[in-house]
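For the sequence shown, our numbering begins at 150 and goes up steadily by one.
Cβ coordinates follow ideal geometry from the N, Cα and C atoms, glycine included.
The structure appears below as structure tokens.
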Amino acid sequence: MPKYILPLFNSFTPLPEGPLRTAIHDYAESVGFLANDLFMIDGSKRSSKANAFFTGFGKKKRIALFDTLIDKLSTEEIVAVVAHEVGHSACGHILKLFLLSTLRTGATFLLLSLFLNAEGLYQAFGMQSQSIYAGFVFFMLLLHPFSLLISLGTQTLSRRFEFQADAFAARTTQTPGALISGLKKLSVTNLANLTPHPAYVRLHYSHPPLLQRIRAIQGVDV
Ligand SMILES: [Zn+2]
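Next up, the structure:
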């Protein structure tokens, strides 16, 4: 991903030497996080959203910062945002979510293989013969309510992981205030809804709403 695919869409330039690079490097070293390198990507080319992320595994791991993030956040805030991402990695979230989605895909294909050969499926829809193409459509129709249920579970897990990563960042940087002000700025650039309906959050939000995150961060013992 980081080496061949992502560069097709955005340009990755090494983060220039300076206070920001030093601050991120010092933080990463303080928590024993080894990243291959630090990059800046031209996210502003397509959107005003700001973000930071890691790509790749093991030695190929890269930290990438959107140029929009660098423009809008202070050094302390950026370090806090990077610390949140380091938290995801340190708490094993990336691997856990990867395994879960692999399992989910496997289970879906297993079900598909069972359904495609089931005569009852075609009879239920009034088909006289078994058409594999129709089978795909019927299967997707039947799967939909189950996918909703499963995503209820995975979204809940993902929101819990966000709280954990926030707590990790607040503890390891010792600057919960910078994390909070950084998140506030991000929610502005990302046009986040500040008061989403709780039911909508349950179903569709992979991240908790900003206010809940701020309250949780304020409750972390640093
Ligand atoms: Zn996160």
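In the displayed model, Ala348 falls within a helix according to three-state DSSP. Look at Glu226: its beta carbon is at least 7 Å from all of the heavy atoms in ligand 1. When the beta-carbon positions are compared, Glu226 and Gly331 come within less than 8 Å of each other. In the DSSP assignment, Arg308 falls within the alpha helix (DSSP H) that extends over 281 to 322. Check the Cα spacing between Leu187 and each of Pro294, Ser296, Pro165, Ser193: the tightest is with Pro165. Between the alpha carbons of Leu155 and Phe287 lies a gap of roughly 35 Å. The Cβ atoms of Ala201 and Leu214 lie closer than 8 Å to each other.
Distances from the CB of Ala314 to the heavy atoms of ligand 1 include at least one below 7 Å. Cβ contact annotation for Pro168 (same chain, cutoff 7 Å, sequence separation greater than five): Thr224, in chain order. Contact between the segment 332 to 339 and the segment 276 to 293 is not established, with fewer than three Cβ pairs separated by less than 8 Å. For Leu214, the enclosing beta strand (DSSP E) starts and ends at 211 to 215. Judged by beta-carbon spacing, Ala239 lies beyond the 8 Å limit of Asp315, meaning their Cβ atoms are not closer than that value.
Rounded to whole angstroms, the Cβ separation of Ser355 and Gln304 is 6 Å, and the two are in contact under 8 Å. Counting every other CB atom within 10 Å of its CB across the protein chains shown gives Arg308 a total of 16 or more, marking it as buried. Across the set Pro358, Phe310, His353, the C-alpha of Pro358 shows the shortest separation from the C-alpha of Asn342.
Under the rule that a run must span 4 or more residues, the alpha helix (DSSP H) segments found entirely inside the segment 253 to 277 read 268 to 273.
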